[in-house]
Ligand SMILES: Cc1ncc(COP(=O)(O)O)c(C=O)c1O
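In the numbering used here, the protein residues as written are 3 to 393.
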């Protein structure tokens, strides 16, 4: 049967209302919790709702120290601030990531060394990783792209061999597991984002987590402008003041956002289960289409399906994106590799990063979020089939 003409060629779109690419799931419970926090008048940082959220997230992840922050970007900055590495020390960062992964080391006067990623899922290519290590390397910063955990066993083995610090940028992987444990358990320090696009949100927000007591104590000080206010509040010492004990910055998060963290976390597993259902629906509906492939899930990983990516023929990528949008499906491209951005252009590397370029040239993202209706899921699948059948 001849399918209907594509909307991009003047045909009727599958949906007149655009199916959005992402949408946070905010319920009455969130609104109620935020309202109560405001009514309590405790609106500033590190309040009772923040502490409650930290306690519950620590129990959920199974990680000892969980500190709520105003973003994942600040978490990455703190992850390096607490180590005080000598200026110019090198940190290996995947070339395919958001700028924040690299900003952590850069803000701490370190040098980033871009590493290539796997062309089939955008995560650090562990086969190439060792070739970036020099005598100046002090850390590796793997990213869990799309919520799919990086190959942490291989990364940690290299880190042990060379005595390197590992910061896992788990901005996208809250609720994902690697070899049976939630992300947050595999590195020296891990960072999460609760930005509005993520699987759970506090509006803006993030967390830094670690099982290391010394690092945990430093984080408590440095996120609170280098003061010992955290222990002043917790230990109820009656000296009447808190002291400035280190350098730091203002990275604590408001109690209003903390209240939303508690209610969102309570629904995280349920929200992630719906994402998984949608991913399985797309996989079953779209497997077998010629020229279309999916992102490889890391061995031993259980993804939170933060994003649903498809790999398409590179030369047709932008046409496919426009054709899907014309049908009413808001698909999108993602992350221009760092070395192609103005700020990162002059890193003194002549590598052309074939893995990240191949991945970037083929990647498109489809809508995936808990409030995506069955009808919308079917429109997405139908649009992909329609566009690919007339490519
Ligand atoms: C891999 C990665 N790291 C860091 C961030 C920054 O997160 P935030 O917006 O919470 O600072 C993002 C944001 O999308 C991200 O995708």
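Here a beta-carbon is modelled for each residue, glycine too, at the ideal position from N, C-alpha and C.
Small disclaimer: the values here were computed from a predicted structure and weren't measured.
Residues of its chain near residue 53, where Cβ-Cβ distance is below 6 Å and the 5 sequence neighbours each way are ignored
Closer than 6 Å at the Cβ level, and outside the excluded window around residue 53, lies no residue.
With a CB to CB cut of under 7 Å and the five nearest residues on each side skipped, what residues in its chain are close to residue 367?
Excluding positions up to five away in sequence, the list reads 23, 309, 310, 311, 333, 334 and 336.
Expressed to the nearest angstrom, what Euclidean distance is found between the alpha-carbon atoms of residue 379 and residue 390?
About 17 Å.
Taking residue 319 as the reference, which of 264, 393 and 382 has the closest Cα?
If we check each option's Cα against that of residue 319, 393 comes out closest.
One or two residues paired with residue 69 in a DSSP bridge
Within the DSSP bridge table, the entry for residue 69 names 210 as partners.
With distances taken Cα to Cα, identify the nearest neighbour of residue 243 among 251, 252 and 230.
Minimum Cα-Cα distance from residue 243 among the listed residues 251, 252 and 230 corresponds to 230.
Drop a sphere of 10 angstroms on the beta-carbon of residue 225, count the other beta-carbons inside from all chains shown, and report buried for 16 or more, exposed for fewer.
That one is buried.
Coarse secondary structure for residue 141, derived from DSSP in three states:
Secondary structure at residue 141: strand, using DSSP grouped into helix, strand and coil.
For residue 95, which option in 41, 11, 124 and 388 has the closest C-alpha, if you only look at C-alpha atoms?
Taking the Cα of residue 95 as reference, the smallest distance to any Cα among 41, 11, 124 and 388 is reached at 124.
Would you say the beta carbon of residue 175 is closer than 6 Å to some non-hydrogen atom of ligand 1?
No - ligand 1 has no heavy atom lying nearer than 6 Å to the Cβ of residue 175.
Please tell me whether, using a cut-off of 6 Å, the distance from the CB of residue 100 to the nearest non-hydrogen atom of ligand 1 is below it.
Yes, since a heavy atom of ligand 1 falls inside the 6 Å radius drawn around the Cβ of residue 100.
Would a check of beta-carbon distances place residue 33 closer than 7 Å to chain D?
The displayed structure is made up of one protein chain only, and chain D is not part of it.
To the nearest angstrom, how far is it from the Cα of residue 266 to the Cα of residue 352?
Roughly 44 Å separates the two Cα atoms.
Would you say residue 381 and residue 140 are within 7 Å of each other, going by their C-beta atoms?
Taking 7 Å as the Cβ cut-off, residue 381 and residue 140 do not qualify as a contacting pair.
What residues in its chain sit with their C-beta under 6 Å from that of residue 147, if we drop five residues either side in the sequence?
Within the same chain, and ignoring the five residues on either side of residue 147 in sequence, the residues whose Cβ sits closer than 6 Å to its Cβ are 124 and 125.
Could you check what DSSP says for residue 196 in three-state terms: helix, strand or coil?
In the three-state DSSP reduction, residue 196 falls in the coil class, being neither helix nor strand.
If we call anything under 7 Å between Cβ atoms a contact, is residue 106 one with residue 81?
With a cutoff of 7 Å on beta-carbon distance, residue 106 and residue 81 are scored as near each other.
Beta carbon of residue 259 nearer than 7 Å to that of residue 177
Cβ distance not < 7 Å, so residue 259 and residue 177 don't count as in contact.
Does DSSP put residue 226 in a helix, a strand or coil?
Residue 226 falls in the strand class under three-state DSSP.
Drop a sphere of 10 angstroms on the beta-carbon of residue 6, count the other beta-carbons inside from all chains shown, and report buried for 16 or more, exposed for fewer.
Exposed, since its Cβ has fewer than 16 Cβ neighbours within 10 Å.
Taking three-plus beta-carbon pairs below 8 Å as touching, is the segment 189 to 204 in contact with the segment 65 to 84?
Yes, since at least three Cβ pairs between the segment 189 to 204 and the segment 65 to 84 fall closer than 8 Å, the two stretches touch.
Assess, as a yes-or-no matter, whether the segment 298 to 305 is touched by the segment 55 to 70 under the definition of 3 or more beta carbon pairs within less than 8 Å.
No: fewer than three Cβ pairs fall under 8 Å.
Check whether the segment 271 to 291 and the segment 200 to 208 touch, using three or more Cβ-Cβ pairs below 8 Å as the test.
Yes, they touch.
Would the beta-carbon of residue 143 be found less than 6 Å away from any heavy atom of ligand 1?
Because no heavy atom of ligand 1 lies under 6 Å away, the Cβ of residue 143 does not count as near it: no.
Per the DSSP calculation, residue 295 is bridged to which residue(s)?
Looking at the DSSP assignment, residue 295 forms a beta bridge with 313.
When DSSP builds the beta bridges, which residues end up paired with residue 47?
According to DSSP, residue 47 bridges with 256.
Provide the residue span of the alpha helix (DSSP H) that contains residue 25, from first to last.
Under the DSSP assignment, residue 25 falls outside any alpha helix (DSSP H); it carries neither an H nor an E label.
Could you work out which residue in 18, 364, 15 and 11 is closest to residue 316 when comparing CA atoms only?
Taking only the C-alpha atoms, the option nearest residue 316 is 364.
Taking residue 157 as the reference, which of 268, 137, 173 and 190 has the closest Cα?
Measuring from the Cα of residue 157, the nearest candidate turns out to be 190.
Cβ of residue 174 within 7 Å of Cβ of residue 192?
In this structure, residue 192 does not lie closer than 7 Å to residue 174 by Cβ.
Unbroken alpha helix (DSSP H) runs of length 4 or more, entirely within the segment 142 to 179: which are they?
Fully enclosed alpha helix (DSSP H) runs of 4 or longer: 154 to 164.
Supposed close pair residue 207, residue 255 - CB separation, criterion 8 Å
That belief holds up - the Cβ atoms of residue 207 and residue 255 are roughly 6 Å apart, short of 8 Å.
Extent of the continuous beta strand (DSSP E) to which residue 394 belongs
Residue coverage of the chain in this structure runs from 3 to 393, which leaves residue 394 outside it and unanswerable.
Residue 120 beta carbon less than 7 Å from that of residue 293
Contact flag unset, no.
Give the range of the beta strand (DSSP E) segment to which residue 344 is assigned.
Annotation for residue 344: no beta strand (DSSP E) segment contains it, and DSSP assigns it neither H nor E.
Which of the three DSSP states, helix, strand or coil, is assigned to residue 79?
Helix.
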